[in-house]
Amino acid sequence: LGSDLTGLGLNLNATENLYSTFMSPFAENPSLGAEPQFQTPPCYT
Amino acid sequence: RERSLQLRENNSFVQHMLETSFQFVPDALDSDRPKYYVPKTPYPVPAYYPQVPLGVFENPSMFEKLDIDTLFFIFYYQQGTYQQYLAARELKKQSWRFHKKYLTWFQRHEEPKTITSEFELGTYVYFDYEGAWCQRKKAEFRFEYKYLE
Amino acid sequence: DSETLRLREQFTMLFTEWVRLYHFPGSNDKASAAFITQLQQQGILKNDDLFYLFFRVCTEVSVESYIKNRSTNGSHHLAYQGVDALARMIVLLIRDQEVPASGAGSVNTGRLALMTKILSIIVLVLVHSHEQRRNHFNQRPFFRLFSMLLNDINVFESQFQVISFQILSAMSNTFHTLRPQFLPGFAFSWLQLISHRFFMSRLLLAENQKGWPLVQKLLVDLFMFIGPFLKQNELTETIRLLYKGTLRVLLVLLHDFPEFLCGYHFSFVDVIPHSCIQLRNLILSAFPRNMRLPDPFTPNLKVDQLPEVHQHPHIMSDFTANLLPNNFKQEIETYLKNRSPTSFLIDLQSKLLRTTPPSASDLDSSRYNIPVINALVLLVGTHAIASLAGKQSVIVSQQFTAGAPLDIFQHLAADLDTEGRYLLFSAIANQLRYPNSHTHYFSCVMLFLFAEASEEIIQEQITRVLLERLIANRPHPYGILVTFIELLRNPRYSFWTHSGFIRCAPEIERLFQTVGKSVF
Chain A
9 LGSDLTGLGL NLNATENLYS TFMSPFAENP SLGAEPQFQT PPCYT
Chain B
1150 RERSLQLREN NSFVQHMLET SFQFVPDALD SDRPKYYVPK TPYPVPAYYP QVPLGVFENP
1210 SMFEKLDIDT LFFIFYYQQG TYQQYLAARE LKKQSWRFHK KYLTWFQRHE EPKTITSEFE
1270 LGTYVYFDYE GAWCQRKKAE FRFEYKYLE
Chain C
3 DSETLRLREQ FTMLFTEWVR LYHFPGSNDK ASAAFITQLQ QQGILKNDDL FYLFFRVCTE
63 VSVESYIKNR STNGSHHLAY QGVDALARMI VLLIRDQEVP ASGAGSVNTG RLALMTKILS
123 IIVLVLVHSH EQRRNHFNQR PFFRLFSMLL NDINVFESQF QVISFQILSA MSNTFHTLRP
183 QFLPGFAFSW LQLISHRFFM SRLLLAENQK GWPLVQKLLV DLFMFIGPFL KQNELTETIR
243 LLYKGTLRVL LVLLHDFPEF LCGYHFSFVD VIPHSCIQLR NLILSAFPRN MRLPDPFTPN
303 LKVDQLPEVH QHPHIMSDFT ANLLPNNFKQ EIETYLKNRS PTSFLIDLQS KLLRTTPPSA
363 SDLDSSRYNI PVINALVLLV GTHAIASLAG KQSVIVSQQF TAGAPLDIFQ HLAADLDTEG
423 RYLLFSAIAN QLRYPNSHTH YFSCVMLFLF AEASEEIIQE QITRVLLERL IANRPHPYGI
483 LVTFIELLRN PRYSFWTHSG FIRCAPEIER LFQTVGKSVF
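Residue numbers (this note's numbering), protein chains in the order written: chain A, 9 to 53; chain B, 1150 to 1298; chain C, 3 to 522.
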């Protein structure tokens, strides 16, 4: 019966396009890495 | 039969190599160089706060006009840049020599007393970039050529 | 020989110098350009042998440095220093390409020739490594090299303006050469590269859709490779990940480029095993973004009155190609035109069979030639639709009920065996998509065959073909939904009287009750 495609990590309801942040077809979060990953030091919270 | 054998052999090759591909599947780090932050909407700063060195600093002849302190400043505070390279070149032109061990610049204060194929011995002026950021004189100093940059 | 060895050493040193310069902090374009000019002045690029050897050395050195670095758990960034530098060198060389000394051709011609030559060398090194290292083959440095090439072409796009499409086209040909059927050890990298955000989307967004055939070819390569694996009941973890990757790529296409999937639906469905229902549904569910689909469950929905049912979908696939052997297409068109000779119908069934037995690496193990059946159905349908042009309602039109096209469908529905009939109805169901003239016509055909069926098995199989496409996880093609709802609702088909197959098992009966409830 196939699988629930909404669970593949893509925002299928997005109004903007998906391809510009599509980094890897194999990552559970396919757009990981499209933007730099920033960690804010705790002292800034 | 030969064809089916060939196909079966090919299939096992395909399966085998596909497993290899799976073993080395690229991840996010493999696809791009580490991201440097590129501001999407950089805050407009006045022109007198340039974000990159002015073009004039690309011109080697500019460095002939800079005084010695500025050359040292560029050398030590703009490391790894083209400007550092140009400052070093100008310092060399002005008879300064970089000592790889002490990581600073020396200039002959007078003709060396001794000169061999390995070293020269004499009085030198050197730049104290770690202490008082000034020039100092040092007598009886042995400059070994193996430390000449 | 010794000369080659000497050159290799020289080129290795030259490349190492470039890597150092490229990664020098704050290194700028001026310094890079100076090095590239020096490279050009040394004549390496002018002499073919030197050219090939130089880039082969560069590629090998950067790959080996990656392998060595990673084996000592060096950081990714360090490991890829050589590869990244090589990518940048290639792009700068292309950017700073001089006008050919001979003056022949333009700078851009020279650039493309340079790019094509370099890509062929990279392919050479990759294939060599794939064959030599076998299960130690590491695809990553090659993946990184292509990825950074795409990256840097994107960075310098403004300077490649005119030829950036040709450059991507050259890369597309390279990826076609590196397709998983030939290089299974590169399969995962390949899928990631063909779906790269600076590659697939660039081709699909190029003007006049001139990049679409290139992407279509690569997707067909993908389906041709993964299809035989999907046929198996149990998927290995490897295939499952590859399949998930394929689904994600299709979802991006469905979301961002539905018109592309619409245009080439036929080519894609042709290379997807017929047991992969969700994968096929994904493609058949695509509809143009400017289209609004009425809710298929709307009571009294009159699909035949939607304006779209008179619009022909844009079929970009060359779908008659499979009918050309043995003049089959010609025969079909003759029969459609003259409704004779009757021997055509008699021989038709045999022309749908395979000529060679299926093998494990085939997409399907049927004794029928499924692409021929698919092509026959679409060819007959397009002729019928052309003859029905302008008719207000298809289903009551004389031409529909007593035309040659329906002759063919009715004959096959009655004479084919179970497997053949299933494939025929499946081929018709492949045309039930978003509201358009094809969907409407084939929906009418399906319902007509059900209504006029001489045996209940025909009705059962039609029901099964429609139902199996609806009980799979979403998405569901719109045409399947409206056809099935019409079949259940319209008393003309007296669907609920066929207890022979709607009550053949308790779970089937329950299923129909559930479906009936949602429909009514």
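In this text, a Cβ means the ideal position worked out from N, Cα and C, and glycines have one as well. The model shown is predicted, which means the values in this text are computed figures rather than measured ones.
The beta carbon of C/C264 is closer than 8 Å to those of A288, F289, P290, P315, H316, R435, Y436 in its chain, skipping five residues each way along the sequence. Taking C-beta separations shorter than 6 Å and ignoring five residues to either side along the sequence, the partners of C/M150 in its chain run D86, A89, following chain order.
In chain order, L9, G10 make up the part of chain A whose C-beta sits under 7 Å from the C-beta of C/A474. Put simply, of C/L308, C/I375, C/Q461, C/L195 the residue whose alpha carbon is nearest the alpha carbon of C/V271 is C/I375. The beta-carbon of A/F34 is placed less than 7 Å from the nearest beta-carbon of chain B. The C-alpha of C/Q313 lies about 35 Å from the C-alpha of C/R356.
Judged by DSSP secondary structure, B/W1254 falls outside any alpha helix (DSSP H) and instead within the beta strand (DSSP E) spanning 1253–1257.
Judged by pairs of C-beta atoms under 8 Å, the stretch 366–375 of chain C touches the stretch 418–431 of chain C, as three or more such pairs exist.
Looking only at A/S32, A/T48, A/E24, A/L9, the smallest Cα-Cα distance to A/L16 is reached by A/S32. Nearest neighbour of C/F162 by Cα position, chosen from C/R113, C/T118, C/F145, C/G187, turns out to be C/R113. Chain B has a Cβ within less than 7 Å of the Cβ of A/L40. Excluding its 5 nearest sequence neighbours in each direction, C/L255 has C-beta neighbours in its own chain below 7 Å: F262, L263, listed in chain order. Rounded to whole angstroms, C/F139 and C/L128 show a C-alpha spacing of 9 Å.
Distance between B/H1258 and C/I38, taken at the CA atoms: about 42 Å. Note that the C-beta distance between C/R181 and C/D223 is below 7 Å.
Listed along chain C is no residue with a C-beta nearer than 9 Å to that of A/Y52; the closest approach is about 26 Å. Within chain C, no residue has its CB atom less than 7 Å from the CB of A/N37, the nearest being about 11 Å off. No Cβ-Cβ contact shorter than 7 Å links C/I120 with C/R58.
Of all C-beta pairs linking the stretch 1193–1205 of chain B to the stretch 1241–1256 of chain B, fewer than three are shorter than 8 Å, placing the two stretches out of contact. For the options C/Q194, C/S319, C/S166, C/F167, the alpha carbon positioned closest to that of C/F177 is the one of C/Q194.
With respect to C/L126, C/I96 sits apart: the two C-beta atoms are not nearer than 7 Å. If only uninterrupted alpha helix (DSSP H) runs of at least 4 residues are considered, those enclosed by the stretch 459–512 of chain C are 480–491, 501–504. Taking the CA atoms as reference points, C/E209 sits about 12 Å from C/S203. Between C/L94 and C/K48, the alpha-carbon positions lie close to 16 Å from each other. Of all alpha-carbon atoms in C/R505, C/Q83, C/I482, C/R494, the one lying nearest the alpha-carbon of C/R471 is that of C/I482.
Within the stretch 38–65 of chain C, contact with chain B at the beta-carbon level (separation under 8 Å) is assigned to no residue.
Within the stretch 1163–1249 of chain B, complete alpha helix (DSSP H) segments of at least 4 residues are found at 1177–1180, 1209–1212, 1217–1226, 1231–1242, given in chain order. Secondary structure at C/Y266: coil, using DSSP grouped into helix, strand and coil.
Spanning the alpha carbons of C/A33 and C/L16 requires a straight line of approximately 15 Å. Judged by DSSP in its simplified three-state form, C/A189 adopts helix. Taking CB atoms only, B/V1205 has no neighbour in chain A less than 7 Å away.
As computed with DSSP, B/D1277 is found in a beta bridge with B/C1283. Per DSSP, the continuous alpha helix (DSSP H) segment holding C/Y245 begins and ends at 239–258. Chain-ordered listing is empty here: chain B has no CB closer than 8 Å to the CB of C/F158, the nearest sitting near 15 Å. Sequence-distant Cβ neighbours of A/C51 in its own chain, meaning closer than 6 Å and more than five residues away, do not exist here. For C/Y443, the enclosing alpha helix (DSSP H) has its first and last residue at 439–453.
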